[in-house]
Amino acid sequence: MQLARVRGTVVCTQKLPSLRGSKLLVLEMLDETGQPLPQYEVAADLVGAGRDEWVLVSRGSAARVEPGQENNPIDAMVIGIIDTVTIGNQQIYNP
Amino acid sequence: MQLARVRGTVVCTQKLPSLRGSKLLVLEMLDETGQPLPQYEVAADLVGAGRDEWVLVSRGSAARVEPGQENNPIDAMVIGIIDTVTIGNQQIYNP
Amino acid sequence: MQLARVRGTVVCTQKLPSLRGSKLLVLEMLDETGQPLPQYEVAADLVGAGRDEWVLVSRGSAARVEPGQENNPIDAMVIGIIDTVTIGNQQIYNP
Amino acid sequence: MQLARVRGTVVCTQKLPSLRGSKLLVLEMLDETGQPLPQYEVAADLVGAGRDEWVLVSRGSAARVEPGQENNPIDAMVIGIIDTVTIGNQQIYNP
Amino acid sequence: MQLARVRGTVVCTQKLPSLRGSKLLVLEMLDETGQPLPQYEVAADLVGAGRDEWVLVSRGSAARVEPGQENNPIDAMVIGIIDTVTIGNQQIYNP
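Protein chains in written order, with the numbering used here: chain A, 506 to 600; chain B, 506 to 600; chain C, 506 to 600; chain D, 506 to 600; chain E, 506 to 600.
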């Protein structure tokens, strides 16, 4: 999984019938010290992450493991809102 | 998922029996501000995306989740035509 | 999927029992304008692509979707020989 | 699989119901000589790896193969704690 | 698939119960002309590849297709020992 920060949203009305109405977030990928990387991901969110929160994103078939998502054609999912990241003895994130 | 813009089409007549007759689009990948990236993807399209439209593309086994696509040997699918992308307070795309 | 050009072949005699006797091609990956990229893929070919032909290659579990390939331990498959690639109004490939 | 060193932990309390309570480690990826790479992975750990230990990490659907993990929405798993890495005649790691 | 050369081995004694006792090789990835790339992969080997031999490596769920490997949490497998690689009219490898 990767660390990411919520930056925005994407809306599609014309879409595959299988694409569920879940919220689609634009995530800025972060390195392990919390610095932004030149990468992003659009991921489904069922956890209710808010703007600028740090989240954990899982990619590939892992995005469809949650019950009810098996037939959602997504390849990235927010699996949790991050409380703390600790590297060595140091908390690098604790909002 | 990633943001992309429709640039063109690919046609194959000699192909695997399992490859369905779905339209194959050449997509230019975009960053989260809408700038083109030096990457592309050829993706199947069932949504009817037109030239220069922004779409959301899903990759990997997600491309075969839509009913009827389970046996289509594709690894990328257009899952929606984008209406709006909002980053922070700003709509960066609203055609 | 990605565009690629057939450059050569790979032969293995000592191999996993599950690896089928399908032809294994060395593919040079191409960008969307047909320029070679510094990447290659070894892919199975059931379509009969010849040297220097442009093909469409699908990667990941998509390589094992074609009936008879479910138990072939491959991660890349030629899914079609390309007839034309059109970008905007221009045919960039039409052999 | 890739070699990695345990650097820290991530804690999420608000999360997908399917995300199990397994420990989530921040791993620094290593090259094959043990030098750190500018990449990291957050992976689930059931083996009990400690700080600074070298581990083997498996990514993608392999993360959900262990019995009890089939419905855990993770895309990376520590599959072993490394005892030795030997390159040619030389042991490059033997803690 | 990618071409690779066998460079060494990895040993783990503390590991997931599902990780089989198969040999784990450190592979140096090669480009299509046989030059080493700055990438490596740790892959399971059931074929018996020896040091410095060239092998074909398959990644992702393809690593678990071989009967008996379905529940092995690996993401890379040696699927064959390479006899010859031919690019155009030239054999670039024929040990």
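We put the beta carbon where it would ideally sit given N, CA and C, even for glycine.
Review point. Which residues in the same chain as E:Q596 place their Cβ atom closer than 6 Å to its Cβ, once the five residues preceding and following it in sequence are excluded?
Key: In the fifth sequence, the residue the question calls residue 596 of chain E occupies position 91. The residues are T589.
Practice item. Let me know the secondary structure DSSP gives A:A554 once reduced to three states. Key: The count along the first sequence starts at 1 and reaches residue 554 of chain A at position 49. Of the three classes helix, strand and coil, the one that applies to A:A554 here is coil, per DSSP.
Review point. In chain order, what residues of the same chain have a beta carbon less than 7 Å from the beta carbon of A:K520, not counting five sequence neighbours either side?
Key: Start at 1 with the first residue of the first sequence, and residue 520 of chain A comes out as number 15. The answer is none, since no qualifying residue turns up.
**Study point:** Beta-bridge partners of E:E533, as assigned by DSSP
**Key:** Here residue 533 of chain E is taken as the residue at index 28 of the fifth sequence, counted from 1. Beta-bridge pairing links E:E533 to E:R510 and E:Y545.
**Study point:** Residue-level contact to chain B via CB, C:M506, 7 Å cutoff
**Key:** Translated into the one-based positions of the third sequence, residue 506 of chain C becomes position 1. Residue-level contact by beta carbon holds for C:M506 and chain B, with a gap shorter than 7 Å.
Exercise for review: With D:S563 as the anchor, note down where its beta strand (DSSP E) starts and where it stops.
Suggested key: Working through the fourth sequence from its first residue, we reach residue 563 of chain D at position 58. Note, D:S563: beta strand (DSSP E), W559 to R564.
Review point. What span of residues does the beta strand (DSSP E) with B:V570 cover, start to end?
Key: Residue mapping note: residue 570 of chain B aligns to position 65 of the second sequence, counting from 1. For B:V570, there is no enclosing beta strand (DSSP E), as DSSP gives it neither H nor E.
Point to revise | Element boundaries [beta strand (DSSP E), containing D:Q540] | key: In the fourth sequence, the residue the question calls residue 540 of chain D occupies position 35. Where D:Q540 is concerned, there is no enclosing beta strand (DSSP E), given that its DSSP letter is neither H nor E.
Practice item. For A:I579, go through chain B and note every residue whose CB falls closer than 8 Å to its CB, in chain order. Key: For the purposes of this step, residue 579 of chain A is identified with residue 74 of the first sequence, where counting begins at 1. Neighbours of A:I579 on chain B, chain order: M506, S563, A567 and I584.
Exercise for review: Count the C-beta pairs between the segment 554 to 562 of chain C and the segment 544 to 552 of chain E that are closer than 8 Å, then say yes if the count reaches three, no if not.
Suggested key: The answer is no - the segment 544 to 552 of chain E does not touch the segment 554 to 562 of chain C, with fewer than three Cβ pairs under 8 Å.
**Study point:** C-alpha gap between B:Y598 and C:P541, whole angstroms
**Key:** Along the second sequence, one-based indexing puts residue 598 of chain B at 93. Along the third sequence, one-based indexing puts residue 541 of chain C at 36. Taking the straight line joining both Cα atoms gives about 32 Å.
Review point. Under 7 Å between the Cβ atoms of E:P578 and E:S523?
Key: Position 73 of the fifth sequence, counted from the first residue, corresponds to residue 578 of chain E. Position 18 of the fifth sequence, counted from the first residue, corresponds to residue 523 of chain E. Yes; because the gap between Cβ atoms is below 7 Å, this pair is in contact.
**Study point:** Extent of the continuous beta strand (DSSP E) run through D:I579
**Key:** Locating residue 579 of chain D in the fourth sequence gives position 74, where the first residue counts as 1. Neither: D:I579 is in no beta strand (DSSP E) and is coded neither H nor E.
Review point. What's the call for A:E546, buried or exposed, on a 16-neighbour Cβ count within 10 Å?
Key: Locating residue 546 of chain A in the first sequence gives position 41, counting from the first residue. Buried, by the Cβ-count rule.
Review point. Thinking just about the alpha-carbon of each residue, which of D:E575, D:R525, D:L535 and D:L529 is nearest to the one in D:V583?
Key: Working through the fourth sequence from its first residue, we reach residue 583 of chain D at position 78. Measuring from the Cα of D:V583, the nearest candidate turns out to be D:L529.
**Study point:** Buried versus exposed, by CB contacts within 10 Å (16 or more), E:D580
**Key:** Numbered from its first residue, the fifth sequence carries residue 580 of chain E at position 75. Classification for E:D580: buried.
**Study point:** chain E contact residues for D:P572, given Cβ-Cβ distances below 9 Å
**Key:** Counted from its first residue, the fourth sequence places residue 572 of chain D at position 67. Those within 9 Å of D:P572 in chain E are P522, S523 and N576.
Review point. Which residues in chain E sit within 9 Å of C:V531, going by Cβ to Cβ distance?
Key: Translated into the one-based positions of the third sequence, residue 531 of chain C becomes position 26. Ordered by position in chain E, the residues that pass the 9 Å Cβ test against C:V531 are L508, E537, V590, T591 and I592.
Review point. If you drop the 5 nearest sequence neighbours on each side, which residues of the same chain put their C-beta closer than 7 Å to that of D:R569?
Key: Taking the fourth sequence and counting its residues from 1, the one referred to as residue 569 of chain D is at position 64. Here the set comprises E575, N577 and I579.
**Study point:** Beta-bridge partners of C:T589, as assigned by DSSP
**Key:** Numbered from 1 along the third sequence, position 84 holds the residue referred to as residue 589 of chain C. Note: C:T589 sits in a beta bridge opposite B:V516.
**Study point:** Cut-off 7 Å between Cβ atoms - residues of its own chain near B:P600, not counting five sequence neighbours on either side
**Key:** Numbered from 1 along the second sequence, position 95 holds the residue referred to as residue 600 of chain B. Cβ neighbours of B:P600 beyond the five flanking positions: none.
Point to revise | Proximal chain C residues relative to E:V511, where beta-carbon distance stays under 9 Å | key: Taking the first residue of the fifth sequence as 1, we reach residue 511 of chain E at position 6. Neighbours of E:V511 on chain C: none; closest Cβ ~13 Å, over 9 Å.
Check your understanding: Is there a Cβ from chain A that is less than 7 Å from the Cβ of B:V547?
Key -> As a working mapping, residue 547 of chain B is identified with position 42 in the second sequence. Residue-level contact by beta carbon fails for B:V547 and chain A, as no gap is shorter than 7 Å.
**Study point:** For D:R512 and A:E537, believed in contact at Cβ under 8 Å, the rounded distance
**Key:** Residue numbering aside, residue 537 of chain A sits at position 32 when the first sequence is read from its first letter. Residue numbering aside, residue 512 of chain D sits at position 7 when the fourth sequence is read from its first letter. Indeed they touch by this definition, with Cβ atoms about 7 Å apart.
Review point. Which residue's Cα is closest to the Cα of D:C517: A:I587, A:C517 and A:G593?
Key: In the fourth sequence, the residue the question calls residue 517 of chain D occupies position 12. It is A:I587.
Exercise for review: Starting from the C-beta of B:R510, find all residues in its chain whose C-beta is less than 8 Å away, skip the five residues before and the five after it, and write them out in chain order.
Suggested key: As a first step, residue 510 of chain B is located in the second sequence; it is residue number 5 there, counting from the start. So the list reads L532, E533, L535, P541, D557, E558, W559 and V560, once near-sequence residues are dropped.
Exercise for review: Would you mind telling me which residues of chain B sit closer than 7 Å to A:Q519, beta carbon to beta carbon, in chain order?
Suggested key: Along the first sequence, read from residue 1 onward, the residue named residue 519 of chain A stands at position 14. Within 7 Å Cβ-Cβ: V552, G585 and I586.
Check your understanding: From C:P543, C:S566 and C:V515, pick the residue whose C-alpha is nearest to that of C:M506; which is it?
Key -> Working through the third sequence from its first residue, we reach residue 506 of chain C at position 1. Per the Cα distances, C:S566.
Practice item. May I have the straight-line CA-CA distance separating E:E448 from E:R525, to the nearest angstrom? Key: Past the edges of chain E, shown from 506 to 600, lies residue 448 of chain E, and the structure says nothing about it.
Exercise for review: Using a Cβ-Cβ cut-off of 7 Å, state whether C:V560 counts as contacting chain E.
Suggested key: One-based indexing of the third sequence puts residue 560 of chain C at position 55. At a cut-off of 7 Å between beta carbons, C:V560 makes no contact with chain E.
Exercise for review: Keeping to the same chain, check which residues put their C-beta closer than 6 Å to that of C:A548; ignore five residues upstream and five downstream.
Suggested key: Your numbering for residue 548 of chain C matches position 43 in the third sequence. Cβ neighbours of C:A548 beyond the five flanking positions: L530, L532, V562, A581, M582 and V583.
Check your understanding: What do you get for D:G585, buried or exposed, if any count of 16 or more other CB atoms within 10 angstroms of its CB means buried?
Key -> Against the fourth sequence, residue 585 of chain D aligns to sequence position 80. So D:G585 counts as buried.
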